[in-house]
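*Asks:* Dropping a structure here in structure tokens format, bear with me for questions.
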Amino acid sequence: MAIRILIADDHPIVLDGLAQLLSGDAQFEVIALCKDGDEALGVIRQQKPDIAVLDVRMPHMTGLAILRTVVEERLPTRVILLTAE
């Protein structure tokens with residue numbers, strides 16, 4: 335069974351690059367690509383991916399705010415935060 339992954343980043347090159355990298359491995363299934371935090375949190379709540387790869391800085395909701403919500407709501411998704419600072 336593949337690990338289900340959501341990727342969220344407001345930079346299209348990063349978003350597409352990560353998606354291509356992970357899609358090339360049969361162990362992973364990219365279930366959603368999100369361009370902002372609101373969209374990412376909605377998908378996490380609905381589809382409960384195994385892992386969410388989140389940009390720290392995104393429009394509408396940051397990756398850190400999403401992580402706080404995932405913890406507060408006890409959602410089963412594990413979170414990996416990315417930053418380019």
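Numbering (the numbering used here), first residue to last: 335 to 419.
The C-beta atom is built at its ideal place from N, Cα and C for all residues, glycine as well.
(1) Is there contact between the stretch 337 to 350 and the stretch 377 to 385, where contact requires at least three CB pairs shorter than 8 angstroms?
(2) How should residue 405 be labelled, buried or exposed, when 16 other C-beta atoms within 10 angstroms of its C-beta is the threshold for buried?
(3) Using only the alpha-carbon positions, how far apart do residue 411 and residue 403 sit?
(4) Beta carbon of residue 358, beta carbon of residue 399: below 8 angstroms?
(5) When DSSP labels each residue in this structure, what does residue 390 get in the three-state scheme?
*Replies:* Reading it off the structure:
(1) Touching, yes.
(2) Residue 405 comes out exposed.
(3) Straight-line Cα distance between these residues: approximately 11 angstroms.
(4) The beta carbons of residue 358 and residue 399 sit no closer together than 8 angstroms.
(5) It is coil, neither helix nor strand.
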